[in-house]
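Colleague: Encoded as structure tokens, here's the structure I'll be asking about.
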Amino acid sequence: MKSHLSLLIGIFLLLFNSCISDDGPFIEGNGEVVIKVATRGSYQFLIRYKDEVYYPENLPEEYKFVSQDPIPVFIKFKLTDEEADIFTPAPNDVPVFLKSIPVIRLEEINRR
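Quick note: to get our numbering, add 910 to the position in the sequence shown (first position is 1).
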């Protein structure tokens, strides 16, 4: 009886622990908030980190202002399984699909 109870508890713990999802490790370091013009008056605010560009799904409003220079930041983020489409203006000022880039979820962002 005692071994059956231990076996049942072991199976329960195994099943319980396999249901817990791990979102993976955070990535952190120095990056930049950069602006990509989609069309006249429409901008896409992106994160450049180690020569890669990401779309932040939760970039705070204080970083969403039009500037010629990138904003240097320290970021901590996780990659999601999603991608976002990036657009570029055509000669007639209509946004045209450029490419898809990975979406990230920011956990921390601070100006450097």
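Beta carbons: idealized from backbone N, C-alpha and C, even for Gly.
According to the neighbour-count rule (16 or more other Cβ atoms, all chains shown, within 10 Å of its Cβ), is residue 1004 buried or exposed?
Modeller: For the purposes of this step, residue 1004 is taken as the residue at position 94 of the sequence shown. So residue 1004 ends up on the exposed side.
Colleague: So what does DSSP say about residue 967, is it helix, strand or coil?
Modeller: The residue you call residue 967 lines up with position 57 of the sequence shown. Three-state result, residue 967: coil.
Colleague: Please list, in chain order, all residues of the same chain as residue 959 whose beta carbon is under 7 Å from its beta carbon, the five residues on each side excluded.
Modeller: Against the sequence shown, residue 959 aligns to sequence position 49. Counting only Cβ-Cβ distances below 7 Å, and skipping sequence neighbours, we find 939, 941, 985.
Colleague: Taking the straight line between their C-alpha atoms, what separation do you get for residue 974 and residue 955?
Modeller: Position 64 of the sequence shown, counted from the start, is the residue given in the question as residue 974. Position 45 of the sequence shown, counted from the start, is the residue given in the question as residue 955. So the alpha carbons of these two residues sit roughly 7 Å apart.
Colleague: Just to confirm the assignment, what range does the beta strand (DSSP E) spanning residue 974 have?
Modeller: As a position in the sequence shown, residue 974 is number 64, starting the count at 1. First-last for residue 974: undefined, no H or E at that position.
Colleague: Rounded to whole angstroms, how far is the Cβ of residue 1011 from the Cβ of residue 964, which I believe are closer than 8 Å?
Modeller: Start at 1 with the first residue of the sequence shown, and residue 1011 comes out as number 101. Start at 1 with the first residue of the sequence shown, and residue 964 comes out as number 54. Indeed they touch by this definition, with Cβ atoms about 6 Å apart.
Colleague: Under a Cβ-count criterion, where at least 16 other Cβ atoms within 10 Å of its own Cβ denotes burial, should residue 935 be classed as buried or exposed?
Modeller: By one-based count along the sequence shown, residue 935 stands at place 25. Exposed.
Colleague: Thinking C-beta only, is residue 953 closer than 8 Å to residue 983?
Modeller: The residue given as residue 983 occupies position 73 in the sequence shown. The residue given as residue 953 occupies position 43 in the sequence shown. No, they are not a contact pair.
Colleague: Measure the Cβ-Cβ separation of residue 990 and residue 957 and say whether it is below 8 Å.
Modeller: Here the question's residue 990 lines up with position 80 in the sequence shown. Here the question's residue 957 lines up with position 47 in the sequence shown. Going by C-beta atoms, residue 990 is not nearer than 8 Å to residue 957.
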